[in-house]
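Let me begin by presenting the structure, written as structure tokens, before commenting on it.
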Amino acid sequence: MLGFKSFHAANITITGIENIRIIQKGQLIGSKKQVSTFENFAKLMAA
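Counting from 1, position 46 in the sequence shown corresponds to residue 54 in this note's numbering; the numbering is continuous, with no gaps.
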């Protein structure tokens, strides 16, 4: 069976994917260019 079993799970997954793309593009407000993508992701998840 393909797909998500609940809307909540799909929403969380898509939000996470969007956040990763934003970080990779450097569009995260307040991020520094010399900070790695992983460090920006960790800061975002800690907030």
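Each residue gets a CB set at the ideal place from its N, CA and C atoms; glycine is no exception.
Note that the structure is predicted; figures quoted are calculated from it, not measured.
Close beta carbons around residue i, own chain, < 7 Å, minus the five adjacent residues each side
{"i": "Thr45", "result": "Ile31 and Gln32"}
{"i": "Asn27", "result": "Leu52"}
{"i": "Gln35", "result": "none"}
As assigned by DSSP and simplified to three states, the class of residue i
{"i": "Gly11", "result": "coil"}
{"i": "Gln35", "result": "coil"}
Residues of its chain near residue i, where Cβ-Cβ distance is below 6 Å and the 5 sequence neighbours each way are ignored
{"i": "Phe12", "result": "Ala18"}
Other residues of its chain near residue i: CB distance less than 8 Å, five sequence neighbours each side excluded
{"i": "Thr23", "result": "none"}
Any chain B beta carbon closer than 7 Å to residue i
{"i": "His16", "result": "In the displayed structure, chain B is absent; only one protein chain is listed."}
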